[in-house]
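Heads up, the thing below is written out as structure tokens.
Number of protein chains: 2
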Amino acid sequence: MVDRIQRYADLAVRIGANVGQGQLVEVRANIEHAELARATVAAAYRAGARYVQLNYSDDVARRTMIDLAPDEALSWSSPALLSFLEALEAEQGASINIVGDPDPNLFVGADQARLGRARPSDYRRLWLRLVAQRRVNWTIVACPTPGWARQIFGEPDLERLWQLVERCVRLDESDPVAAWEAHLERLGDMASLLNERAFDSLRYRGPGTDLMVGLMPSSRWHGGPSETSFGRRHVANMPTEEVFTAPDRRRAEGRIRSTRPLALNGSLVEGLELEFRQGRVVEVKADRGAGIVEAQLGIDPGAASLGEVALVDSRSRVGATGVTYFNTLYDENATSHIAFGAGFAFTVADPDEREEGVSRSAVHTDFMVGGPEVEIDGLTGTGQVIPILRDDVFQLS
Amino acid sequence: MVDRIQRYADLAVRIGANVGQGQLVEVRANIEHAELARATVAAAYRAGARYVQLNYSDDVARRTMIDLAPDEALSWSSPALLSFLEALEAEQGASINIVGDPDPNLFVGADQARLGRARPSDYRRLWLRLVAQRRVNWTIVACPTPGWARQIFGEPDLERLWQLVERCVRLDESDPVAAWEAHLERLGDMASLLNERAFDSLRYRGPGTDLMVGLMPSSRWHGGPSETSFGRRHVANMPTEEVFTAPDRRRAEGRIRSTRPLALNGSLVEGLELEFRQGRVVEVKADRGAGIVEAQLGIDPGAASLGEVALVDSRSRVGATGVTYFNTLYDENATSHIAFGAGFAFTVADPDEREEGVSRSAVHTDFMVGGPEVEIDGLTGTGQVIPILRDDVFQLS
């Protein structure tokens with residue numbers, strides 16, 4: 005287990021964040037991830053970090069806040085959070101975020117409106133700006149926990165979850181670094197093929213879904229490695245199986261139904277359906293958890309617009325495991341997804357289009373809309389309809 | 005156990021920090037103290053906190069830093085730490101610090117000079133200023149852990165340690181609040197008796213000890229409850245069994261030998277002997293851990309002067325347990341102690357004496373010098389010698 009954790013930490017530090025000599029580094033984790041967090045701190049120092057800040061969070065204390073704190077505490081951003089991010093930006097630092105629900109039942113029974121609002125808004129907004137402006141070389145990895153395993157399998161089969169995670173992040177390969185290089189290149193090729201077509205919009209059709217999403221002329225698809233504004237390569241999600249861009253926040257029409265459950269703020273949203281008019285959500289339905297989504301959409305004006313469209317095909321290792329992970333990092337890499345809230349400004353080349361068309365918000369919530377029964381087409385400016393995904397197979401070449 | 009932890013958290017919040025309606029509150033803890041930390045967060049919200057920041061630290065990651073980080077990381081203060089303390093000061097907030105070594109062997113074999121320097125200097129300096137200027141209503145409590153119990157008893161007898169802790173913090177009383185009020189009043193009376201005498205200096209004599217420490221004309225003894233500059237009462241240490249003041253940093257002559265082991269920066273210092281000339285340490289000896297003390301004394305010019313003298317008599321509940329706790333909060337309340345490094349400015353009334361006579365430093369390290377074999381006298385300005393402690397019994401009345 006020590007070796008497994010060490011290899012995972014090294015992967016997150018070397019391929020994920022790609023920590024460089026002399027960098028200020030943040031490691032975020034729940035206290036239940038302590039073993040992996042500690043190994044990550046050590047790996048970061050070995051990679052040359054000048055200082056590693058280990059920021060632990062505690063979901064039990066978070067539930068207490070949701071239950072007991074005054075209303076204004078829910079969205080308040082502690083100066084401890086803000087000032088550290090400002091330092092990360094000023095120093096061109098690195099960030100490694102370890103996720104993975106310690107206890108899937110922790111937020112059961114919490115007030116949904118308070119749960120939906122319980123995020124530090126200024127901090128989220130600042131973080132999303134750093135991401136959008138590529139100020140930090142960052143990565144997210146997930147740490148198996150007994151609670152997360154129980155949520156997936158109905159029993160705390162930690163070993164089984166570890167093996168799935170290792171498969172998805174290519175630690176089952178004899179040379180994970182080479183496997184990652186080949187994989188990132190393939191995702192880059194998919195993005196290039198989409199960029200060559202310069203689609204005007206995307207169309208999603210399937211059960212409960214008929215949605216048109218407009219792109220901007222200078223919307224560029226990204227996939228594989230990211231690069232910071234100061235030229236440092238990193239892999240922002242591990243696993244990553246997606247190609248993505250920012251849509252035009254003003255152009256979304258129709259309905260879309262989620263195809264997988266969404267773990268959100270520690271609670272579960274199932275059967276989510278959103279209706280869009282002129283780019284904005286006008287109706288929210290869900291079998292479960294609609295209130296959490298509604299609370300998020302009310303956080304600021306940008307929350308109700310689309311910020312991201314992402315395509316994932318059947319070659320996804322995450323999708324191939326056939327497992328629903330109840331974890332966005334994994335589930336969004338199993339199948340195509342979209343996000344309401346903030347868009348990634350760096351995906352739009354033209355400054356005017358970026359300013360007017362990319363959504364800005366403290367919210368960025370991905371939800372899964374792909375699957376073999378969902379057809380995704382690209383529409384060109386001249387009205388041509390080009391299939392992009394059929395039966396989850398990528399159609400462009 | 006849940007009830008025991010809840011009662012302890014309530015005591016720390018209500019009698020210790022005395023959290024008030026609308027206060028910003030910090031809870032500091034090791035991740036191994038999570039259960040008590042979580043209960044403390046809940047108790048603070050119930051007491052009216054507007055926001056509770058839970059700051060976890062991790063000694064395993066700290067050991068990694070000491071082993072692997074570049075030299076300048078050791079004393080660096082993260083902006084996350086600094087900005088939160090600044091907010092606490094600006095808002096007149098509260099702080100609850102939960103201590104208690106999770107693993108007594110964690111720092112064995114670490115480089116002693118690096119261990120001694122491994123403290124965030126600017127942060128420590130800021131905290132000590134807030135304490136000295138009484139900007140925050142704060143308390144320190146200790147959380148029993150299996151590792152701490154093993155260090156004391158040689159086995160991880162957690163239940164035995166809990167019972168000792170409950171005895172020392174008066175949770176074994178049917179009405180702990182009333183017991184605390186009576187106790188705090190007694191400590192206040194001791195301080196008054198010392199203040200009436202207005203001693204010019206103290207003299208310590210015992211095996212290996214013959215030390216004179218000068219006081220200032222306006223040095224005032226404190227004991228029992230503290231009060232912030234904004235008028236909020238709190239109990240800074242739980243347990244507290246001491247009366248204390250700031251000596252004149254320029255007046256200490258002779259030798260003093262510690263009477264108990266000192267747990268310092270996660271390591272152990274035993275048989276410590278310090279020699280003072282003109283107020284400053286000129287020689288350090290120890291059976292074990294001298295290097296850590298030497299490293300601390302080198303941190304800044306103020307570290308080598310005395311910052312505190314504190315008297316504890318045989319009525320101490322901590323002392324009465326007959327246990328060495330290897331934890332400063334407990335051991336310093338078992339017997340009389342002194343501290344090198346920063347002094348508490350608020351104990352000196354005259355601004356000029358405060359400015360010139362109170363030590364300023366990022367260091368404040370208490371060590372135990374009391375016991376039945378140590379005689380402590382007060383010397384008056386006219387040369388009278390008045391016994392203060394004999395056989396650990398307080399002599400003034």
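Respectively, the protein sequence lines represent chains A and B.
Here the first sequence stands for residues 5 to 401, where the numbers follow the working numbering.
Here the second sequence stands for residues 5 to 401, where the numbers follow the working numbering.
Here a beta-carbon is modelled for each residue, glycine too, at the ideal position from N, C-alpha and C.
In this text, all values refer to a predicted model and were calculated from it rather than measured experimentally.
CB contact below 8 angstroms: residue i versus chain A
i                     : result
residue 137 (chain B) : no
residue 75 (chain B)  : no
residue 68 (chain B)  : yes
residue 262 (chain B) : no
residue 16 (chain B)  : no
residue 122 (chain B) : no
residue 281 (chain B) : no
Interface residues of chain A facing residue i [CB-CB closer than 7 angstroms]
i                    : result
residue 57 (chain B) : 82 and 84
residue 50 (chain B) : 72
residue 87 (chain B) : 83, 84 and 87
Residue i versus residue j: straight-line alpha-carbon distance, rounded
i                     : j                     : result
residue 350 (chain A) : residue 333 (chain A) : 21 angstroms
residue 17 (chain B)  : residue 232 (chain A) : 45 angstroms
residue 104 (chain B) : residue 62 (chain B)  : 12 angstroms
residue 98 (chain A)  : residue 135 (chain A) : 11 angstroms
residue 371 (chain B) : residue 25 (chain B)  : 36 angstroms
residue 221 (chain B) : residue 60 (chain B)  : 42 angstroms
residue 53 (chain A)  : residue 178 (chain B) : 53 angstroms
residue 245 (chain B) : residue 131 (chain B) : 22 angstroms
residue 69 (chain A)  : residue 51 (chain B)  : 13 angstroms
residue 82 (chain A)  : residue 302 (chain A) : 22 angstroms
residue 223 (chain B) : residue 352 (chain B) : 4 angstroms
residue 200 (chain A) : residue 387 (chain A) : 16 angstroms
residue 32 (chain B)  : residue 41 (chain B)  : 8 angstroms
residue 293 (chain B) : residue 235 (chain B) : 41 angstroms
residue 107 (chain B) : residue 73 (chain B)  : 21 angstroms
Three-state class that DSSP yields for residue i in the structure shown
i                     : result
residue 369 (chain A) : strand
residue 216 (chain B) : strand
residue 329 (chain B) : coil
residue 52 (chain A)  : coil
residue 225 (chain B) : coil
residue 166 (chain A) : helix
residue 360 (chain B) : helix
residue 309 (chain A) : strand
residue 13 (chain A)  : helix
residue 23 (chain B)  : coil
residue 388 (chain A) : coil
residue 32 (chain B)  : strand
residue 131 (chain B) : helix
residue 57 (chain B)  : strand
9 angstroms Cβ cut-off: residues of chain A touching residue i
i                    : result
residue 60 (chain B) : 35, 58, 59, 60, 61 and 62
residue 54 (chain B) : 73, 74, 76, 77 and 80
Beta-carbon spacing of residue i, residue j below 8 angstroms
i                     : j                     : result
residue 216 (chain A) : residue 257 (chain A) : yes
residue 346 (chain A) : residue 367 (chain A) : yes
residue 121 (chain B) : residue 175 (chain B) : no
residue 43 (chain B)  : residue 100 (chain B) : no
residue 390 (chain B) : residue 315 (chain B) : no
residue 226 (chain A) : residue 248 (chain A) : yes
residue 298 (chain A) : residue 342 (chain A) : no
residue 92 (chain A)  : residue 126 (chain A) : no
residue 164 (chain A) : residue 146 (chain A) : no
residue 396 (chain A) : residue 382 (chain A) : no
residue 205 (chain A) : residue 253 (chain A) : no
residue 114 (chain B) : residue 67 (chain B)  : yes
residue 324 (chain B) : residue 45 (chain A)  : no
residue 28 (chain B)  : residue 242 (chain B) : no
Interface residues of chain B facing residue i [CB-CB closer than 7 angstroms]
i                     : result
residue 174 (chain A) : Neighbours of residue 174 (chain A) on chain B: none; closest Cβ ~26 angstroms, over 7 angstroms.
residue 46 (chain A)  : 68 and 72
Partner residues on chain A for residue i, Cβ-Cβ distance less than 8 angstroms
i                     : result
residue 111 (chain B) : Residues of chain A passing the Cβ test: none, with the nearest at roughly 15 angstroms.
Beta carbon proximity, residue i to chain B, threshold 8 angstroms
i                     : result
residue 125 (chain A) : no
residue 42 (chain A)  : yes
residue 91 (chain A)  : yes
residue 65 (chain A)  : yes
Within chain B, the residues that residue i reaches when beta carbons sit closer than 8 angstroms
i                    : result
residue 38 (chain A) : 35, 62 and 64
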